[in-house]
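Down below is the structure, laid out as structure tokens.
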Amino acid sequence: MTAHHAIEITLPRPATDCELLRARRVVALASNTDHTRLLTLQRAKTPGRALRALRRRLDAVLPIDVLTTHYPDRQGCVLLNFALIHTARAHIRQAAAACGQRPRNFLSQTVTDAVARHKEERVRRLATQMEELLVQHTPEELLCAAGSLLSHYNRLPGGKSSSAPS
């Protein structure tokens, strides 16, 4: 069964008006304000096929950095599609062979591990900052301040506050 798949297009630089005009002749696009992230729908049987089809359609029109499925698949994974230079592909093939894996599986595992490490580092950094705040404030004060900030943050359109860090 063919379905529509939401795909996010990440660009290495803002797209020019001319590039966006040419791309919109190929597919319907929604753009963020600085034209570095675009969103579109691609009709295909699977998310992977949708990414490949969109890459073929837009590669000559836009400076695409990464294509990403906007929603996780049944296994909870978001698919990525990015072009690698020949030397990068060769290094990945070599490293995968050394581990006895297919390059695709090796790259998938490497990216998954890197994301997990990044997430753990963010949690550790937040815990350290919280510990530093608890030296100067009581847990009750910290909890009240966090609740107040989050309450204000969630009331604004898009959940973003001008005073909230991004």
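According to the working numbering, the residues represented by the sequence shown are -8 to 157, in order. Glycine included, every Cβ here is placed at the ideal spot set by N, Cα and C.
Which listed residue (the options) has its alpha carbon closest to that of residue i
i, options, result
"L12", "S22, P3 and R4", "S22"
"D50", "V18, N145, P130 and R108", "V18"
"R15", "H(-4), L42 and L53", "L53"
"R4", "H26, L20, A(-3) and T129", "H26"
"S99", "E111, R84 and E112", "R84"
"D64", "A41, T1, E10 and R115", "A41"
"T37", "R48, A(-3) and E10", "A(-3)"
"G67", "L20, T103 and Q120", "T103"
"F97", "L2, T1, A86 and V106", "A86"
Residues near residue i by beta carbon distance below 7 Å, same chain, minus five either side
i, result
"Q127", "none"
"A44", "Q33 and A35"
Per-residue burial, residue i [other beta carbons within 10 Å of its own, 16 or more giving buried]
i, result
"A79", "exposed"
"H(-5)", "exposed"
"A6", "buried"
"S153", "Low confidence applies here, because S153 scores a pLDDT of 47, under 50, leaving its location unreliable and the question unanswered by this model."
Host beta strand (DSSP E) of residue i (start-end)
i, result
"T1", "A(-6) to T1"
Close beta carbons around residue i, own chain, < 6 Å, minus the five adjacent residues each side
i, result
"E(-1)", "L30, T59 and H61"
"L124", "L133"
Own chain, CB closer than 8 Å to residue i, minus 5 neighbours either side, in chain order
i, result
"R46", "I55, L58, N72 and A74"
"E122", "none"
Checklist entry - Can you give, in chain order, each stretch of the beta strand (DSSP E) that sits fully within the segment 17 to 76 and has at least 3 residues? => result 28 to 35 and 57 to 60
Checklist entry - Which parts of the segment 112 to 153 are runs of the alpha helix (DSSP H), unbroken and 4 residues or longer, counting only runs that do not cross its ends? => result 130 to 146
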